[in-house]
Amino acid sequence: GFNPSGKDEL
Amino acid sequence: MNAFRLVGDLCHLAAIVLLLLKIWKSRSVAGLSGKSQILFGLVFVTRYLDLVTNFVSPYNTIMKVFFLSSSIATVYLIYTKFKATYDGNHDTFRMEFLLIPCALLAIVVNHEFSPMEILWTFSIYLEAVAILPQLFMISKTGEAETITSHYLFALGSYRGLYIMNWLYRYYYENNFDVIAVVAGIVQTVLYCDFFYLYITKVLQGKKLQLPA
Chain A
1 GFNPSGKDEL
Chain B
11 MNAFRLVGDL CHLAAIVLLL LKIWKSRSVA GLSGKSQILF GLVFVTRYLD
61 LVTNFVSPYN TIMKVFFLSS SIATVYLIYT KFKATYDGNH DTFRMEFLLI
111 PCALLAIVVN HEFSPMEILW TFSIYLEAVA ILPQLFMISK TGEAETITSH
161 YLFALGSYRG LYIMNWLYRY YYENNFDVIA VVAGIVQTVL YCDFFYLYIT
211 KVLQGKKLQL PA
């Protein structure tokens, strides 16, 4: 998905 | 996604649900630190600002929405609906002693000097110490309701499981965030004293009582 910051954790 | 992080998120979810259940079933917020809940609300608000700009996955979005709404609802329940049962005299930890150092540290130590990144870093540092008012309150009252101790155990376990998730991602995904890891270790260490009491007392069927 669109995630520029690369942060994928809650 | 790995099992450590999934179970960690589910522990976090369970903690929040346990807290809401305790409040709703007992119609009381006795023993709860409203200040910790305000800090957790602030953690989610400052961390999930990218809710609409960053799409990671349906799971990520749904969990963010739930964490945001449930933490705001909890603060609402404590300070309005069940205000009469809020024990303000024992909830006296000075939040500014946490907010200011976390804000200053986030400005100085971060991955990128941009508003979003500084707010995310602030939320990481704040989450590490947000439980202190609650632990302080328990040390002042000398006890905690059993369901509150289950809440704390689930909450403390979640970040402990995240540490294992970070180890896993370091070795298998070559993914490592020193800020999140260091803050996560501090956060988990703060629960150690409580974990000891929980395992030696609550799991033996006793009430959580701190040695006088």
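Quick note, the sequences are listed as chains A and B, same order. Taking the working numbering, the leading residue of the first sequence gets 1, the next gets one more, and so forth. Taking the working numbering, the leading residue of the second sequence gets 11, the next gets one more, and so forth. Ideal Cβ placement from N, Cα and C applies to all residues, glycine included. Please read these numbers as outputs of a predicted model, since none were measured by experiment.
Distances from the alpha-carbon of K91(B) to those of I209(B), T63(B), L61(B) and S38(B) put S38(B) closest.
Within its own chain, the residues whose Cβ lies closer than 8 Å to the Cβ of T95(B), once the five positions on either side in sequence are excluded, are R37, S38, V39 and A40, listed in chain order.
Within chain A, the residues L10 have their CB atoms less than 8 Å from the CB of F77(B), given in chain order. The Cβ-Cβ distance between A164(B) and A13(B) does not fall below 8 Å. Here M147(B) is buried: its Cβ has 16 or more other Cβ atoms, across all protein chains shown, within 10 Å. Under the three-state reduction of DSSP output, A83(B) falls in the helix class. In the DSSP assignment, Q219(B) is bridged to E153(B). Not one beta carbon of chain A lies nearer than 8 Å to the beta carbon of W34(B).
Residues of chain A with a Cβ closer than 7 Å to the Cβ of M73(B) are, in chain order, L10. Per DSSP, the unbroken alpha helix (DSSP H) holding T131(B) starts and ends at P125 to V139. A distance below 6 Å between beta-carbons, with the five flanking residues on each side excluded, links A190(B) to the following residues of its chain, in chain order: I134. Here DSSP, grouped into helix, strand and coil, assigns K211(B) to coil. Not one beta carbon of chain A lies nearer than 8 Å to the beta carbon of N12(B).
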